[in-house]
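Protein chains in written order, with my numbering: chain A, 3 to 296; chain B, 5 to 322.
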Amino acid sequence: MTGWNEIAQYTVSGLTTGAIYALVALGFCIIHNATGIVNFAQGDFVSLGGLMMYTFLVALGLPVLLSFPLAVASVALVGALLERLALRPARDKRVVILIFITIGASILMRGVFKQIWGKEALALPSLSGEYPLRLLGATFTPQNLWIVALTLAAIVALGYFFQRTTVGKAMRATAANPRAAVLMGIDTERMKLYSFGLSGFLGALAGVLITPIVTVSYGVGVMLGLKGFAAAVLGGYGSFVGAILGGLALGLLESLGAGLISSTYKDVIAFLVLLIVLFVMPSGLMGRGERSRV
Amino acid sequence: MSGRGRGFFLGLAVLAGLVVAVPFVMPNPYYLNVLNVVALNAIVVIGLNLLIGYAGQISLGHAAFYGLGAYISGIFTGSFGWPPWPTMLFAAVSVGGLAALIGIPILRLKGNYLVMATLGFNLIVNILTVQLDDLTGGPSGYSGIPSLEIFGWVINSDLRFYILVWSAALIALLLARNLVRSRVGRGLRALHGSEVAAAALGVPTERYKVKIFVFSAVLASLAGSLYAHYYGIITPKTFDIFFSVELVTMCIVGGLGSLWGGFLGAAFLTPLPQVLHFVEEYKDIIYGGILVLILVFLPEGLFTRLGRLPWLAGRRSP
């Protein structure tokens, strides 16, 4: 019989990974809303965040308070560069073509990461201490708390950005109706650039936060990116609330599935549930459904 | 584009001529091996390209159908001693049935949801082939698959397999061309233009989408079975999501919705990693870079581009 303590434990770890998936999923949504495409390099933003943090913090020995913003900012810059160098010059703006450009860019980026950081897994120290904390029968580390707290902070900041700032409102307008946005004098091309920068920022945040728990190497982004994509789809692609719920749901599903049913089949369980949800609700939990006009 | 009358058969004759000539010009088994893989990929890509280019449905799960074909053929002939050819048919029918079963709910999904559902299907199949190791041999693979045999002629060399697989690829091309020119093909083109309009005009869009999905899955399964008998050993890694991505990339690079484009995409991208072997260190960088450059600057695909060259175009088309 599985005890309460174990369930509490699985819930803690599920919420932690869920928070990471939510950050990645938000990155997918922001780019989708601005450009209509899926950015398959999103996962590589995550690994690059961890790798950059390693360089600043461990290799260069900079303090955490400096390394963290530097790592996140550099990945945001890479995101913006991806939009500028590979997507904007594209001759054909069909969604399929643009999506596969991001896949090509993802392969290219992993090749570059392998050259710079090698193939070995790199470890990062926790943001603060390793001493375990106990609450309601579950044991967790300060890093778990950091992940949940900083994810919440990022969500609040995003909410403020999209609701209150001019640029955020302009980005929402671009998502709602690009043509109308252009007519209102919004530079939609610039909004696309920002959306990639912002996604790079969120991906890097996820990478910096998760690396102390799972280590980082050039290829870890693939699976994290897929899980983030799955979370975004589960929540209803493009919906921010959906991305957060989808991320948490996927994290919990995996963790509880692994703990209570079978750890070898945790991904099978997660994806099977995802497929069933999609078959019943074809546009995810919070999706509004795509209606086509003639 | 899709091969009007004479143009198509001229192309087919040229391709067939090339296929016959190659073993005489370069009998080196290494090159034949590469060309065999090109043909196997081309068989999958022909079907997939119809699904994407005509029905407008992106599947990132076709490596799973390829893998299922390979594993069903491999396990039933290897572990249970079934005869290879009927097993191949059995695999194709089972995979086709499975595709029809999951195709009905999956193809109702749109855009990203469809991409995710097919990816999820591929991931599940892939994890199962790794985990069910009593049956599949697990991550190290399943070996001891017998070679194919036609009336006592054992297909156990690169040259013999070359003859078989290229014949199969040409037949697949012919089948696909017939499908494109049939009522279903016209319906699919209408569907790609506007699903609502096609449905309003009486095209049973759902049924056609499932039909083409099943057709492409069956081609993938057959290619997978051939692969299994050719190599004698199969591993889950060969059929992972990266291969699915590669297959769709072949369609796009070759030219979406063009029958020949699939061949060209397969012929261009299959040997590329091996060509880049001498720069092993930078392989991913160059491969990814080439992909990005082609998609950014030649998005209509290599085939469409070739078709525009004045000495190949023949006549001006709008």
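Positions of the beta carbon are idealized from the N, C-alpha and C atoms, including for glycine.
DSSP lists Ile237(B) as the beta-bridge partner residues of Ser147(B). The Cβ-Cβ distance between Gly45(A) and Leu226(A) falls below 8 Å. Contact between Leu263(B) and Arg181(B) holds, since their C-beta atoms are separated by about 6 Å, short of 8 Å. Contact annotation, Gly51(A) with Gly205(A): C-beta distance approximately 6 Å; criterion of less than 8 Å satisfied.
Burial state of Ser69(A) is buried, judged by a 10 Å Cβ sphere holding 16 or more other Cβ atoms. With respect to the 8 Å criterion, Leu123(B) and Pro284(A) are not classified as neighbours on the basis of their beta carbons.
With a 10 Å radius around the Cβ and a threshold of 16 neighbouring Cβ atoms, Gln145(A) comes out buried. At a Cβ-Cβ threshold of 8 Å, Ser220(B) and Leu111(B) do not count as neighbours. When C-alpha distances from Asn116(B) are compared across Val134(B), Gln61(B), Ile79(B), the shortest belongs to Gln61(B). According to DSSP, Ala140(A) shares a beta bridge with Leu137(A). Judged by beta-carbon spacing, Leu17(A) lies beyond the 8 Å limit of Leu126(A), meaning their Cβ atoms are not closer than that value. Counting of Cβ neighbours within 10 angstroms places Tyr133(A) among the exposed residues, the total staying below 16. Between Phe69(B) and the set Val38(B), Ile47(B), Gly258(B), Leu268(B), the nearest pair of CA atoms involves Ile47(B). In the assembly as shown, Val48(A) is a buried residue. Its beta-carbon has 16 or more other beta-carbons within 10 Å. At a cut-off of 8 Å, the C-beta of Val214(B) has no neighbouring C-beta in chain A. Leu152(B): not part of any alpha helix (DSSP H); member of the beta strand (DSSP E) spanning 152-154, first to last residue. The residue from Gly305(B), Ile298(B), Ile50(B), Met30(B) with its alpha-carbon nearest to that of Ala173(B) is Ile50(B). Interface flag for Asp244(B) against chain A is unset, since no Cβ pair is found closer than 8 Å. Among the residues facing chain B, Leu138(A) is not included, as its CB has no counterpart in that chain under 8 Å away.
Remark: C-beta atoms of Ser229(B) and Leu64(B) do not approach each other more closely than 8 Å. Around the beta carbon of Tyr34(B), fewer than 16 other beta carbons lie within 10 angstroms, which makes this residue exposed. If only complete runs of 4 or more residues are kept, the segment 168-206 of chain A shows the alpha helix (DSSP H) at 168-178, 180-185, in order along the chain. Per DSSP, the beta-bridge partners of Val218(A) are Leu124(A). Counted as a single uninterrupted DSSP element, the stretch harbouring Ile47(B) is not any beta strand (DSSP E) but the alpha helix (DSSP H) occupying residues 33-53.
Put simply, the segment 192-199 of chain A touches the segment 29-40 of chain A. At least three CB pairs are less than 8 Å apart. The alpha-carbon separation between Phe155(B) and Pro277(B) amounts to approximately 36 Å. Closer than 8 Å to the CB of Val283(B) there is not a single CB belonging to chain A. In this structure, the alpha-carbon of Phe242(A) lies about 14 Å from that of Ala232(A).
Using a Cβ-Cβ distance cut-off of 8 Å, the segment 274-293 of chain B and the segment 234-244 of chain B are not in contact, since fewer than three pairs of beta carbons, one from each stretch, lie closer than that value. Only Ser198, Glu199, Val200, Ala201, Ala204 from the segment 182-215 of chain B bring a Cβ to less than 9 Å from some Cβ of chain A.
In the DSSP assignment, Ile290(B) falls within the unbroken alpha helix (DSSP H) covering 287-301. Beta-bridge analysis with DSSP links Trp157(B) to Ile154(B). Counting every other CB atom within 10 Å of its CB across the protein chains shown gives Arg112(A) a total of 16 or more, marking it as buried.
If you compare the alpha carbons of Ala107(A), Ile22(A), Leu247(A), Ser201(A) with that of Thr213(A), the shortest gap goes to Ile22(A). Not flagged as an interface residue toward chain B: Tyr133(A), since no C-beta distance is shorter than 8 Å. For Phe102(A), the closest Cβ of chain B is nearer than 8 Å.
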